[in-house]
Amino acid sequence: MTVLITGGGGFLGAWIIRRLAARGLDVRVFDRHEDRGIVRAIAGDMADRVEWRTGDVASGDDVLRAAEDCDFAIHLAALLTPACAENPILGAQVNLIGTLNVFEAAKAHGLRGVAYASSAGVFGPDDGAIPYPTTHYGAFKLACEGSGRAYWHDAGISSVGFRPAIVYGPGRETGLTAGPSIACREAVAGRPYTIGYSGAADMIYVDDVAAVFEAAATRPFEGAHAFSLVGEVADISAIAAGIEDLVPGAAIDWAGPPLPLHPVIAPSPIGAVLGDLPHTALRDGLAQTVAFYRNAGTG
Numbered sequence: 001m002t003v004l005i006t007g008g009g010g011f012l013g014a015w016i017i018r019r020l021a022a023r024g025l026d027v028r029v030f031d032r033h034e035d036r037g038i039v040r041a042i043a044g045d046m047a048d049r050v051e052w053r054t055g056d057v058a059s060g061d062d063v064l065r066a067a068e069d070c071d072f073a074i075h076l077a078a079l080l081t082p083a084c085a086e087n088p089i090l091g092a093q094v095n096l097i098g099t100l101n102v103f104e105a106a107k108a109h110g111l112r113g114v115a116y117a118s119s120a121g122v123f124g125p126d127d128g129a130i131p132y133p134t135t136h137y138g139a140f141k142l143a144c145e146g147s148g149r150a151y152w153h154d155a156g157i158s159s160v161g162f163r164p165a166i167v168y169g170p171g172r173e174t175g176l177t178a179g180p181s182i183a184c185r186e187a188v189a190g191r192p193y194t195i196g197y198s199g200a201a202d203m204i205y206v207d208d209v210a211a212v213f214e215a216a217a218t219r220p221f222e223g224a225h226a227f228s229l230v231g232e233v234a235d236i237s238a239i240a241a242g243i244e245d246l247v248p249g250a251a252i253d254w255a256g257p258p259l260p261l262h263p264v265i266a267p268s269p270i271g272a273v274l275g276d277l278p279h280t281a282l283r284d285g286l287a288q289t290v291a292f293y294r295n296a297g298t299g
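full-length UniProt numbering numbers the first residue of the sequence shown as 1 and each following residue consecutively.
Structure, rendered in structure tokens:
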């Protein structure tokens, strides 16, 4: 079985590769860059077993070629919230048109299905149950969910979109919500750090998210689904305190407005479709992140 991972050279892709390669599955990464640094840091020697293709997810031809001879697609390639706000047209080309290109490739090559990264950004700041995005990023992700349903009804392509809020853990070092993960790295290095937002949000450990994508790729399902991924709600003050407990002498603080999404996301019936899935407590996830940076060195 060969699994295509678009945007597989990034943080979440590396953790998914680690899981899929450990199962003996063949993995093909499709990414704009050939840099395997993050994948090697997370997946170790498994990175050398990955087939690597470069191209632009906004190009239908590039995606079509990348998906040839694959059995399932995991679609992660996207621009994050700040980039979509700065250039909404480019954000739509990458996040929405790119997703349509993946579904078109799945249809052309007869893939079993598609699992894609949606986001809790589909919810606005006032409600964590009914989608009402207030960012371009969230609006594009919600449109992708609607397109997933259309591809199921029109072409019979099974799909599942996952909506995490803040994904944290070793290797998460870019994006608006990377602050807690970077804070772990900086604490280990003995440097002060300010997390760039305030308030509470749902935190989910990266390997739990990787496990959900693994389940989608390896367990049979039908239909078009969109599931919110619920971790543990925590205020940024508690996260900073937790890191300081793990790294005595660390100097972690925070500044900036709350995130533009509701802190409490309503759970989804994901178990009914994909079965039992792991859950890592926040303190354990922070401890694993700190341990990673201690073992890897922080520069």
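For every residue, glycine included, the Cβ atom is placed at its ideal position computed from N, Cα and C.
Does the distance from the CB of residue i to the CB of residue j come in under 7 Å?
i      : j      : result
Ala58  : Ile97  : yes
Leu12  : Leu76  : yes
Pro263 : Ala201 : yes
Asp62  : Asp71  : no
Ala78  : Leu4   : no
Ala150 : Trp15  : no
Ser119 : Ala224 : no
His153 : Pro88  : no
Gly161 : Gly138 : no
Ala281 : Ile243 : no
What residue from the options has the CA that sits closest to residue i's CA?
i      : options                          : result
Ile252 : Gly179, Ala43, Ile5 and Asp127   : Gly179
Trp52  : Asp31, Asp61 and Met46           : Asp31
Leu246 : Ser228, Ile74, Ala22 and Arg185  : Arg185
Val290 : Asn87, Leu64, Gly190 and Ala108  : Gly190
Gly171 : Asn295, Ala22, Leu25 and Gly146  : Asn295
Lys107 : Trp15, Gly9, Ser237 and Ile157   : Ile157
Ile166 : Phe292, Ile182, Asp69 and Trp152 : Ile182
Ala21  : Pro131, Ile74, Gly275 and Ala43  : Ala43
Asp208 : Gly10, Gly7, Arg19 and Gly161    : Arg19
On the criterion of 16 or more Cβ atoms from any shown chain inside 10 Å, does residue i qualify as buried, or is it exposed?
i      : result
Ile17  : buried
Asp126 : exposed
Thr54  : exposed
Arg65  : exposed
Gly249 : exposed
Glu34  : exposed
Ala272 : exposed
Please report how far the alpha carbon of residue i lies from the alpha carbon of residue j, in whole angstroms.
i      : j      : result
Thr2   : Leu277 : 22 Å
Tyr197 : Glu173 : 15 Å
Ala287 : Ala117 : 25 Å
Ile236 : Trp254 : 7 Å
Pro82  : Pro269 : 30 Å
Pro260 : Leu90  : 21 Å
Thr177 : Thr134 : 16 Å
Asp26  : Val206 : 21 Å
Arg163 : Asp45  : 30 Å
State yes or no: is the C-beta of residue i nearer than 6 Å to some heavy atom of the ligand FMN?
i      : result
Ala178 : Here there are no bound small molecules, and the ligand FMN is not part of this structure.
Q. Quick check: the segment 209–225 against the segment 109–124, are there 3 or more CB pairs under 8 Å?
A. yes
Q. Touching or not, the segment 79–95 and the segment 221–239, by the rule of three or more beta carbon pairs under 8 Å?
A. no
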